[in-house]
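For the record, in the sequence shown the residue sitting at position 10 is 10 according to UniProt numbering, with numbers rising by one throughout. Idealized CB from N, CA, C, for every residue including glycine. The block underneath contains the structure these notes are about, expressed in structure tokens.
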Amino acid sequence: MAHYTTAEALMHVCLAHAAPEVGVLDRMIASSSSLALPRELLLIIRTYLVPAIASDLVDASRNALHEYEESLRSLLCPECRQYHEEIYGGDVWEWEGFTGPCGCRDAGDIRRTNNAMLNSRTRFRDPHHWLEHHLSQSVMAAAAAAASSSSSTSQTDIWSFASAVFAQYDCELVRHIPATHAHFSNLTAWNNKYGLSPYSSPLEPLSSYILIRPMDDPAETDSDSICDDHIRRWRDRLTLQRLHRNLGIPFFTSTASASPSTKSESVVGSMDLRFGSPPTQSSSTRHDHDLAKASYSTGISLHPVLLSHVLANTAAFCFGAPVALLTVCAKVLCYYTSPGALRVF
Numbered sequence: 001m002a003h004y005t006t007a008e009a010l011m012h013v014c015l016a017h018a019a020p021e022v023g024v025l026d027r028m029i030a031s032s033s034s035l036a037l038p039r040e041l042l043l044i045i046r047t048y049l050v051p052a053i054a055s056d057l058v059d060a061s062r063n064a065l066h067e068y069e070e071s072l073r074s075l076l077c078p079e080c081r082q083y084h085e086e087i088y089g090g091d092v093w094e095w096e097g098f099t100g101p102c103g104c105r106d107a108g109d110i111r112r113t114n115n116a117m118l119n120s121r122t123r124f125r126d127p128h129h130w131l132e133h134h135l136s137q138s139v140m141a142a143a144a145a146a147a148s149s150s151s152s153t154s155q156t157d158i159w160s161f162a163s164a165v166f167a168q169y170d171c172e173l174v175r176h177i178p179a180t181h182a183h184f185s186n187l188t189a190w191n192n193k194y195g196l197s198p199y200s201s202p203l204e205p206l207s208s209y210i211l212i213r214p215m216d217d218p219a220e221t222d223s224d225s226i227c228d229d230h231i232r233r234w235r236d237r238l239t240l241q242r243l244h245r246n247l248g249i250p251f252f253t254s255t256a257s258a259s260p261s262t263k264s265e266s267v268v269g270s271m272d273l274r275f276g277s278p279p280t281q282s283s284s285t286r287h288d289h290d291l292a293k294a295s296y297s298t299g300i301s302l303h304p305v306l307l308s309h310v311l312a313n314t315a316a317f318c319f320g321a322p323v324a325l326l327t328v329c330a331k332v333l334c335y336y337t338s339p340g341a342l343r344v345f
């Protein structure tokens with residue numbers, strides 16, 4: 001049993017999970033002292049707090065990306081910028097041959113309009129790559145602020161940090177998803193830049209969708225028992241529900257429900273955490289997604305052998321209960337119709 005989610009939503013939710021506000025609320029919930037509110041209400045508040053913080057982080061990332069793209073455009077003089085926009089379009093990531101400031105600009109003007117991230121030695125391939133670097137900087141800042149503690153913010157990479165967060169919920173992230181995977185076969189052609197492919201080389205694009213699945217228990221890996229299989233499915237479903245409750249991360253049972261409809265959308269500009277509902281989709285895609293949801297909701301079904309036992313026990317009860325009731329009635333009737341001298345009481 002597994003779920004999918006977008007890489008952007010996952011990274012922002014993990015940062016929201018490590019926010020100081022969430023940490024204070026978690027300590028209040030775990031405290032043994034008397035609380036002003038019941039723990040049940042605090043848990044409900046937490047389910048709304050994490051998505052709210054994540055939405056604010058998404059807005060901050062969107063603004064930071066817009067500022068970075070404007071800084072890239074400001075490296076060109078008005079004439080060169082107009083040329084690139086007319087030839088390649090308004091998306092600065094699609095400008096071929098653009099590697100830095102043009103020779104028309106004065107060095108002083110470039111320094112005044114320079115963005116701090118432009119000084120980074122990292123050459124960003126696309127908005128996904130930029131977002132990874134931007135959020136990794138946030139993780140490093142949190143690690144520096146909490147250097148004296150042993151919290152999970154000791155990670156200095158956004159994906160190492162996200163893996164550590166999900167490990168707390170006995171889940172793992174799968175990013176190395178082959179392009180031939182059945183769930184992703186319909187996404188490889190929509191955009192060559194962000195298309196899904198094996199993520200084995202630094203030059204390959206970032207996968208837009210992440211697979212989330214519960215970790216396997218080594219003690220139950222070789223078990224073929226029907227009961228153990230149902231227990232494992234029940235535990236995996238419970239793990240994913242707990243993960244969804246505490247992180248508020250949007251899940252998709254099929255990546256078709258989150259397929260982008262446009263080609264040149266900015267990764268953060270088109271980001272929508274969609275807490276609680278998937279994005280708009282066509283009727284055929286919605287039908288496929290409904291089928292996937294229906295198959296997931298009935299994933300823990302009874303095996304035929306167990307079903308036969310349940311039916312046999314039910315039939316035995318239906319036939320045995322009336323017989324037992326008639327026996328009791330007969331005994332009572334015989335007791336009151338027998339002569340008084342033969343009664344013990």
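Say whether chain D places a C-beta atom closer than 8 Å to the C-beta of proline 250. Included in the structure is just one protein chain, with no chain D present.
Would you tell me roughly how many angstroms separate the C-alpha atoms of tyrosine 335 and leucine 325, rounded to the nearest one? Near 16 Å, if we compare the C-alpha coordinates of leucine 325 and tyrosine 335.
Three-state class that DSSP yields for proline 20 in the structure shown: It is helical.
So the alpha helix (DSSP H) arginine 81 belongs to, where does it begin and stop? Counting along the chain, the alpha helix (DSSP H) containing arginine 81 begins and ends at 78-88.
Given that a residue counts as buried once 16 or more other Cβ atoms are within 10 Å of its Cβ, and exposed if not, what is threonine 6? Its Cβ being crowded by 16 or more others within 10 Å, threonine 6 is buried.
Would you call the region 52-72 and the region 3-22 touching, i.e. three or more CB-CB distances under 8 Å? Segments in contact, yes.
Just how far apart, CA to CA, sit leucine 37 and phenylalanine 251? C-alpha separation (whole angstroms): 30 Å.
Chain-order list of residues whose beta-carbon lies under 6 Å from that of threonine 239 (same chain, five-residue window excluded): Within the same chain, Asp170 and Pro214 come within 6 Å of threonine 239 by CB-CB distance, once the 5 residues on both sides are set aside.
Have a look at Val50, Ile87, Glu94 and Glu79 and flag the residue whose alpha-carbon is nearest the alpha-carbon of glutamate 69. Comparing Cα-Cα distances from glutamate 69 to each of Val50, Ile87, Glu94 and Glu79, the minimum goes to Glu94.
Residues in its own chain within less than 7 Å of proline 20 by CB, not counting five upstream and five downstream? Excluding the 5 residues flanking it on each side, proline 20 has no same chain C-beta neighbour closer than 7 Å.
Range covered by the alpha helix (DSSP H) that runs through tyrosine 209: No alpha helix (DSSP H) contains tyrosine 209, which is instead part of the beta strand (DSSP E) from 209-214.
Does DSSP put tyrosine 4 in a helix, in a strand, or in coil? The answer is strand: DSSP assigns tyrosine 4 an E or B state.
Spatially closest choice to arginine 233 from Leu247, Asp216 and His66, by CA coordinates: Ranked by Cα distance from arginine 233, the first of Leu247, Asp216 and His66 is Asp216.
Could you spell out where the alpha helix (DSSP H) holding leucine 57 opens and where it closes? Start and end: 39-73.
Is the Cβ-Cβ distance between valine 50 and valine 24 less than 8 Å? The beta carbons of valine 50 and valine 24 sit no closer together than 8 Å.
At what residues does the beta strand (DSSP E) containing valine 174 begin and finish? Start and end: 171-174.
For aspartate 91 and arginine 73, what's the separation of their Cα atoms in angstroms? Take the alpha-carbon of aspartate 91 and the one of arginine 73: they are about 10 Å apart.
In whole angstroms, what separates the C-alpha of histidine 17 from that of arginine 125? Spanning the alpha carbons of histidine 17 and arginine 125 requires a straight line of approximately 28 Å.
In three-state DSSP terms, what is arginine 123? Looking at arginine 123 - three-state DSSP - the assignment turns out to be coil, as it is neither helix nor strand.
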